[in-house]
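**Student:** In the working numbering, the protein residues as written are 350 to 572. Mind looking over this structure? Questions follow.
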Amino acid sequence: MTWRSLPKDFLHDQKDIWWVFPGQLAKGRYWVPTLAVTGGTAGLIVADPHVMPYFRTHARNLDDINDVFDPLITSAEVVALPVSLMIAGYARHDSYQVGTALLAGEAYADSAVVDLAMKAITRRKRPNDVLPGAPFTDTFFNGGKSPFKGSSFPSGHAAGVFSVATVTACRYHNHRWVPWVAYGFATAISFSRVTTSAHFPSDIFVGAALGYTITRYEVLRPR
Numbered sequence: 350m351t352w353r354s355l356p357k358d359f360l361h362d363q364k365d366i367w368w369v370f371p372g373q374l375a376k377g378r379y380w381v382p383t384l385a386v387t388g389g390t391a392g393l394i395v396a397d398p399h400v401m402p403y404f405r406t407h408a409r410n411l412d413d414i415n416d417v418f419d420p421l422i423t424s425a426e427v428v429a430l431p432v433s434l435m436i437a438g439y440a441r442h443d444s445y446q447v448g449t450a451l452l453a454g455e456a457y458a459d460s461a462v463v464d465l466a467m468k469a470i471t472r473r474k475r476p477n478d479v480l481p482g483a484p485f486t487d488t489f490f491n492g493g494k495s496p497f498k499g500s501s502f503p504s505g506h507a508a509g510v511f512s513v514a515t516v517t518a519c520r521y522h523n524h525r526w527v528p529w530v531a532y533g534f535a536t537a538i539s540f541s542r543v544t545t546s547a548h549f550p551s552d553i554f555v556g557a558a559l560g561y562t563i564t565r566y567e568v569l570r571p572r
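Shown next as structure tokens:
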């Protein structure tokens with residue numbers, strides 16, 4: 350993995366995601382994991398209107414936790430990991446570490462493209478945009494026009510942090526504590542998006558699934 354190969358690899362990933370994968374589904378492959386994610390998402394979408402009122406009424410009890418997982422702070426922390434790996438890799442002349450940082454960047458970009466495309470289509474209203482006392486229903490196709498701010502489904506934070514966590518966990522799986530820390534951190538950041546009413550649980554689930562599957566089965570494929 351090098352800087353020179355990165356653009357080509359990214360375009361290859363996008364081709365696989367948008368063209369090859371649907372074609373494989375048409376041939377009857379990958380239906381079990383696809384149905385598992387789809388079924389889990391559908392179940393959580395049904396549960397969302399019943400779960401979110403709890404987090405809205407108990408938001409003050411979680412203020413201290415949410416301050417730690419401020420959106421800007423968590424975004425900086427996610428980006429800081431591959432940047433730190435790259436700096437350390439160049440300082441130590443460690444090509445494996447630099448390659449890990451490049452793969453993390455590739456995974457983050459791949460997940461972001463799919464995330465933004467889904468946001469633009471679904472335009473789901475965020476929980477904190479629902480008026481107090483109003484039900485958390487009819488949220489799809491009612492959000493803002495911008496996929497960057499006004500659309501909730503799926504969670505970009507969850508997709509991004511799970512993509513970086515998966516690269517780190519897989520590349521350094523020989524250290525048993527690394528996967529636990531990586532996925533634990535990703536889970537904590539993702540859950541904080543629900544407690545701050547920025548996302549519904551189903552948004553988080555889909556985002557995490559996108560980040561993991563795109564990274565594990567596309568970015569980290571044998572090259």
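Backbone N, C-alpha and C fix where the C-beta goes; we use that ideal spot for every residue, glycine too. Here the structure is a predicted model, which is why all the values come from computation and not from measurement.
Just to confirm the assignment, what range does the alpha helix (DSSP H) spanning V558 have?
**Tutor:** Position check: residue 558 holds Ala in this sequence, whereas Val was assumed. Residues P550 to I563.
**Student:** Looking at C-beta atoms only, is the number of pairs between the segment 471–486 and the segment 395–410 that lie closer than 8 Å three or more?
**Tutor:** Flag = yes, the segment 471–486 and the segment 395–410 touch.
**Student:** Starting from D459, follow the alpha helix (DSSP H) in both directions and report where the run begins and ends.
**Tutor:** It spans S444 to T471 - the alpha helix (DSSP H) in which D459 sits, taken as one unbroken run.
**Student:** When DSSP labels each residue in this structure, what does Y566 get in the three-state scheme?
**Tutor:** It is helical.
**Student:** I believe A531 touches A514 by the beta-carbon criterion, under 8 Å. Please report the beta-carbon distance rounded to the nearest angstrom.
**Tutor:** With a Cβ gap of about 4 Å, A531 and A514 count as contacting.
**Student:** Does the count of Cβ pairs from the segment 432–446 and the segment 459–473 closer than 8 Å reach three?
**Tutor:** Short answer: they don't touch.
**Student:** Does DSSP put M401 in a helix, a strand or coil?
**Tutor:** Here M401 sits in helix by DSSP.
**Student:** Would D459 pass as a contact of D362 if the rule is Cβ separation under 7 Å?
**Tutor:** In contact: D459 and D362 (Cβ atoms closer than 7 Å).
**Student:** List the endpoints of the continuous alpha helix (DSSP H) containing M350.
**Tutor:** Here M350 belongs to no alpha helix (DSSP H), and DSSP marks it neither H nor E.
**Student:** Mapping the DSSP letters down to three states, classify T536 as helix, strand or coil.
**Tutor:** Reduced to three states, the DSSP call for T536 is helix.
**Student:** Alpha carbon to alpha carbon, what distance is there between L360 and W352?
**Tutor:** Roughly 14 Å separates the two Cα atoms.
**Student:** Whole beta strand (DSSP E) runs in the segment 504–533 with 3 or more residues, listed along the chain?
**Tutor:** Listed in chain order, nothing qualifies, since the segment 504–533 has no complete beta strand (DSSP E) run of 3 or more residues.
**Student:** Quick one, which of Y566, R565, R570 and A558 has its alpha-carbon nearest G388's?
**Tutor:** If we check each option's Cα against that of G388, A558 comes out closest.
**Student:** When the distance is taken between beta carbons, is G448 closer than 7 Å to K474?
**Tutor:** Taking 7 Å as the Cβ cut-off, K474 and G448 do not qualify as a contacting pair.
**Student:** Would a C-beta distance cut-off of 7 Å place V510 and V427 closer than the cut-off?
**Tutor:** Yes, Cβ-Cβ distance for V510 and V427 is below 7 Å.
**Student:** Identify which residue in A508, R570, K376 and P431 has its Cα closest to the Cα of V468.
**Tutor:** Going by the sequence as given, residue 468 is Lys instead of Val. The shortest Cα separation from K468 among A508, R570, K376 and P431 belongs to A508.
**Student:** Quick one: what's got a C-beta closer than 8 Å to S444's C-beta in the same chain, skipping five residues either side?
**Tutor:** Once the five neighbours on either side are set aside, the close Cβ partners of S444 are G438.
**Student:** For the alpha helix (DSSP H) containing S501, list its first residue and its last residue.
**Tutor:** Element bounds for S501: n/a, residue is neither H nor E.
**Student:** Going by CA-CA distance only, name the one from A535, E455 and V516 that's closest to L355.
**Tutor:** Answer by Cα proximity: E455.
**Student:** Helix, strand or coil, according to DSSP, for F489 in the structure here?
**Tutor:** Correct three-state label for F489: coil.
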